[in-house]
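There are 2 protein chains.
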Amino acid sequence: MPVKLSEVAQHAGVSLATASRVLNGSSRTPAADIAERVKSAAEELGYVANAQAQALARSTTGLVGLVVHDIADPYFSAIAHGVQQAALQTRHQVLLAGTDIVGDGSPGDAELAAVNAFISYRTDAIILAASRLLDEDPRLAKALSQYINNGGRVVTLGPSAIPEARVLTVANREGATALVAALVAQGIKRFVILAGPHERNTARVRVEGFLHGLAEANLEPLAVVHGAFTSKGGYDATVEYLNSLGDKAQALSVLKDDAESPVCILAANDVIALGAMTALRSRELSIPTDIQVAGFDDIPTLRDHSPALTTYRLPLEDMGKLAAEMALNPAAKQSGSVTGTVVLRESAGHQ
Amino acid sequence: MPVKLSEVAQHAGVSLATASRVLNGSSRTPAADIAERVKSAAEELGYVANAQAQALARSTTGLVGLVVHDIADPYFSAIAHGVQQAALQTRHQVLLAGTDIVGDGSPGDAELAAVNAFISYRTDAIILAASRLLDEDPRLAKALSQYINNGGRVVTLGPSAIPEARVLTVANREGATALVAALVAQGIKRFVILAGPHERNTARVRVEGFLHGLAEANLEPLAVVHGAFTSKGGYDATVEYLNSLGDKAQALSVLKDDAESPVCILAANDVIALGAMTALRSRELSIPTDIQVAGFDDIPTLRDHSPALTTYRLPLEDMGKLAAEMALNPAAKQSGSVTGTVVLRESAGHQ
DNA sequence: CATATATTGGAAAGCGCTTTCCTAACGACT
DNA sequence: AGTCGTTAGGAAAGCGCTTTCCAATATATG
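Laid out in structure tokens, this is it:
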């Protein structure tokens, strides 16, 4: 029912071809007076080009698909924000899917479903930012390779099992190691790791980085506790750990050995660390004197937190921007990488 | 270059029409053996329907457009999350746009640009969640009415200047009033309002609600300070207010009059409140003994904050879900409303 | 002034689907 | 056996654009 190009053409007294050339960037530009007539006709009728039809005719859609795990998670929303910025540069619209929200089918299928939807809409590119699962679905890999062979571009945040995809490497491992090293340099010797779910790639790699950092200092973690990749996951894991220590007095005697600096909790991300801090507070353990905490990501919203969270800062928005640039520019590099910086703050005893 | 339906049909030895009927929900279902042949041909060739072509033929796209202000803001990302959930139910894909990110053109044009893009893609519906500007762009209203007349559905969060749009009313005003009433009931008498930017509708309405609540208690705010709708905005506004009070001793004598309970800062949203708390902490004012703070929204990430923030809880995800349902179900009600609840916590002296 | 060369607008052929309309086949019924 | 009502597959006409190819006109060249 919307007005179509043929009506505009008729209204302006020109052919379809001419109207098309005037209104949509063509290599051929009709004469100025004709162009003017067409433009005002379009304006007058309130013409808006049908992008679907254009996509069909041009065989390029101006769409970019972004799949995240949970858009409500500040980690992903920051990335999404970066993607939007880059998408605007190339006048792309972003199609968003979240793998945390499952319809029918198994939870693991959400990513496949999202990717298939994007492929169906013939997005020019797909950005996979959902922290990938460990055992990648072969159907996903197959669908994506086919998509790439058909001219689609795929970029993944972190390594993936799709050989043809462009990958934006994130210094999760190195960052985790660097964070531990910085903490060790502060005199901390005893660590507990809140590892998140072990099937999540990102979490696993960070934990490996933590362990590697510890090993380099000839240290071993007091414990490695798994849990959900959420605030509640951090809370529960912390409670679990504290309970394993006995009652409060016993716990304190372990955590705060006079001879050494307190135990430091290494969380696989900031949100987990946040949950951990809440748990500690509820046990009336004070940070950083009784126990210390470090996170990962440096989520913007948490920068106002008190005590300020020691963490490894990842340039989340830039990651999104970079990924989108790699995805949207056909000539972009096939791979890129981002690193972050250790940010020492109060939660780990920094003044 | 992707495989198309005609190839599948040929591979299965049937006509285009039959293949279409088998693979895409048609009212007519071909015989079982034929269907099987088509399906396995599709599977074998890795056929994925071209949604653009389907959209063109069916004149419905399966797309829903969501325009937010800043997807990195937890308020909007929570809403987006809700929208995603509802969109999955109707198998819609969500197209996301943010008005905080501006290309060329004036910043105010971002919303118009987003809406025009969505109209161009012929989204089945558009959800306007960006906290609307006070002076709505007439071009926006025009574009949207035309869109609605052409069969599109529009739902706005909060009132809008588009008479044909469905509106999901949010109890910003009532919530703000209720929050103040609850605070007054706690014995608080002196309030400072951090109003956010005055051109933002949401902020303005909330401030009106605050003022209304105060008036009902025969009170007036000590001050109303405007600023950005961000953490930094809250920080700056708070610093500005504190500076107006003189040095720390003078400030303290004002804030914490022995005869009365401390001054309470009413922020137009949680993020502003967060910034305010950071500012207070940097001035070594303790919450809630020296000064108190209340926010608005009850952002999930902030629930782990200490001191816990008194606020008005809005069911953000549900709002998104509801808005999307109103948008996606043609037969849905033309309007709906959501209210929240006052949540008294430590930051305003609640035990 | 005639011919070769750009330019410019228009007709029409797709782009990959859906869906109406048609025809053929089949079974049921008298 | 003949007729009618069903059902099922296929041909073809769009959906709203872009773009190639043509024809016609305008410009440049000898």
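Quick note, the sequences are listed as chains U and G, same order.
The first sequence maps to residues 1 to 351 in full-length UniProt numbering.
The second sequence maps to residues 1 to 351 in full-length UniProt numbering.
Built from N, CA and C at the ideal position, the CB exists for glycine as well.
For clarity, every value in this text was computed on a predicted model and none was experimentally measured.
- Item | Cβ-based burial, E220(U) [other Cβ within 10 Å; buried from 16] | A residue is called buried once 16 or more other Cβ atoms fall within 10 Å of its Cβ, and E220(U), having fewer, is exposed.
- Item | Residues sharing a beta bridge with D297(U), DSSP | As computed with DSSP, D297(U) is found in a beta bridge with R313(U).
- Flag this pair as yes or no: are the beta carbons of V22(U) and V38(U) separated by less than 8 Å? Yes.
- Item | Three-state secondary structure (DSSP) of V102(U) | Note: V102(U) maps to coil in three-state DSSP.
- Message: If we define contact as Cβ-Cβ less than 8 Å, is N50(G) a contact residue for chain U?
- Response: At least one chain U Cβ lies under 8 Å of N50(G).
- Any chance the region 287–294 of chain G sits against the region 213–232 of chain G, with 3 or more Cβ pairs inside 8 Å? Contact fails: fewer than three Cβ-Cβ distances are below 8 Å.
- 8 Å Cβ cutoff met for S347(G) and P315(G): Taking 8 Å as the Cβ cut-off, S347(G) and P315(G) do not qualify as a contacting pair.
- Bridge partners - F191(G), DSSP secondary structure assignment: Bridge partners of F191(G): C264(G).
- Task: Pick out whichever of Q54(U), A17(U), A125(U) has its Cα sitting closest to the Cα of P330(U).
- Result: Considering only Q54(U), A17(U), A125(U), the residue with the shortest C-alpha distance to P330(U) is A125(U).
- Hey, is I127(G)'s beta-carbon within less than 8 Å of any beta-carbon in chain U? No - not a single Cβ of chain U is within 8 Å of the one on I127(G).
- Environment of residue 386(U) [buried if 16+ CB atoms lie within 10 Å]: No information on residue 386(U) is available, as it lies outside the stretch 1 to 351 that chain U covers here.
- Message: With H, G and I counted as helix, E and B as strand and the rest as coil, what does DSSP make of S231(U)?
- Response: S231(U): helix per DSSP, three-state reduction.
- Task: Drop a sphere of 10 angstroms on the beta-carbon of S59(G), count the other beta-carbons inside from all chains shown, and report buried for 16 or more, exposed for fewer.
- Result: S59(G) should be labelled exposed.
- Task: Quick one: using the 10 Å Cβ neighbour count with 16 as the cut-off for buried, is R91(G) buried or exposed?
- Result: Around the CB of R91(G), fewer than 16 other CB atoms lie within 10 Å, so the residue is classed as exposed.
- Task: Might you give, ordered along the chain, the residues of its own chain that have their beta carbon closer than 6 Å to the beta carbon of A35(G), omitting 5 neighbours on each side?
- Result: Excluding the 5 residues flanking it on each side, A35(G) has same chain C-beta neighbours closer than 6 Å at V22, in chain order.
- Taking a cut of 9 Å between CB atoms, which residues from the region 94–107 of chain G lie near chain U? Within the region 94–107 of chain G, the qualifying residues are V94, L95, L96, A97, G98, D100, I101, V102, G103.
- Apart from the five residues on each side of it in sequence, which residues of its chain come closer than 6 Å, Cβ to Cβ, to E164(G)? Result list for E164(G): S145, I148, in chain order.
- Query: By the 10 Å Cβ neighbour count, where 16 or more other Cβ atoms means buried, how is Q334(U) classified, buried or exposed?
  - Reply: Exposed: under 16 other Cβ atoms inside 10 Å.
- Task: Kindly say whether residue 352(U), judged by its beta-carbon, lies nearer than 8 Å to any beta-carbon of chain G.
- Result: Limits of chain U in this structure are 1 at one end and 351 at the other, which puts residue 352(U) out of reach.
- Query: Which residues mark the beginning and the end of the beta strand (DSSP E) in which G336(U) is found?
  - Reply: Counted as a single uninterrupted DSSP element, the beta strand (DSSP E) harbouring G336(U) occupies residues 335–338.
- Task: Report all residues from its chain with a CB closer than 7 Å to the CB of H81(U); omit the five preceding and five following residues, and keep chain order.
- Result: Once the five neighbours on either side are set aside, the close Cβ partners of H81(U) are E317, G320.
- Query: Residue range of the beta strand (DSSP E) that L157(U) falls in?
  - Reply: Looking at the DSSP string, the run of the beta strand (DSSP E) that includes L157(U) is 153–157.
- Quick one: which chain U residues come within Cβ less than 8 Å of residue 359(G)? Only positions 1 to 351 of chain G appear in this structure, which leaves residue 359(G) out of reach.
- Task: Would you kindly report the start and end of the unbroken alpha helix (DSSP H) that includes G246(G)?
- Result: Per DSSP, G246(G) lies in no alpha helix (DSSP H) segment and is marked neither H nor E.
- Query: Listed in chain order, which residues of the region 73–84 of chain G have Cβ atoms closer than 7 Å to some Cβ of chain U?
  - Reply: For the region 73–84 of chain G, the residues whose beta carbon sits under 7 Å from a beta carbon of chain U are, in order, P74, S77, A78, A80, H81, Q84.
- Item | Distance between T311(U) and T177(U) (C-alpha atoms, nearest Å) | Rounded to whole angstroms, T177(U) to T311(U) spans 12 Å at the Cα level.
- Query: Taking the C-alpha atoms as reference points, what is the distance between V64(G) and T123(G)?
  - Reply: So the two alpha carbons sit approximately 5 Å from each other.
- Message: For a quick check, are the C-beta atoms of A143(U) and I119(U) less than 8 Å apart?
- Response: Yes, they are a contact pair.
- Members of the region 57–71 of chain U that neighbour chain G once the beta carbon cut-off is set at 9 Å: Answer set for the region 57–71 of chain U: S59, T61, G62, L63, G65, L66, D70, I71.
- Going straight from the alpha carbon of G349(U) to that of Q292(G), what length do you get? The C-alpha of Q292(G) is placed about 27 Å away from the C-alpha of G349(U).
- Inspect the CB distances between the region 185–193 of chain G and the region 153–161 of chain G and report whether three or more fall short of 8 Å. Put simply, the region 185–193 of chain G does not touch the region 153–161 of chain G. Fewer than three CB pairs are less than 8 Å apart.
- How should A323(G) be labelled, buried or exposed, when 16 other C-beta atoms within 10 angstroms of its C-beta is the threshold for buried? Result: buried.
- According to the neighbour-count rule (16 or more other Cβ atoms, all chains shown, within 10 Å of its Cβ), is P2(U) buried or exposed? Label assigned to P2(U): buried.
- So is Q146(U) in contact with chain G if we call contact Cβ pairs under 8 Å? At least one chain G Cβ lies under 8 Å of Q146(U).
- Message: Could you give the first and the last residue of the continuous alpha helix (DSSP H) run that contains A223(G)?
- Response: No alpha helix (DSSP H) holds A223(G); the beta strand (DSSP E) holding it covers 223–226.
- Kindly list the residues whose CB is nearer than 7 Å to the CB of V8(U), restricted to its own chain and excluding five residues on each side of it in sequence; keep chain order. Only residues of its own chain outside the window of five on either side were considered, and among them A19, V38, A41, A42, L45, Y47 have a CB closer than 7 Å to the CB of V8(U), listed in chain order.
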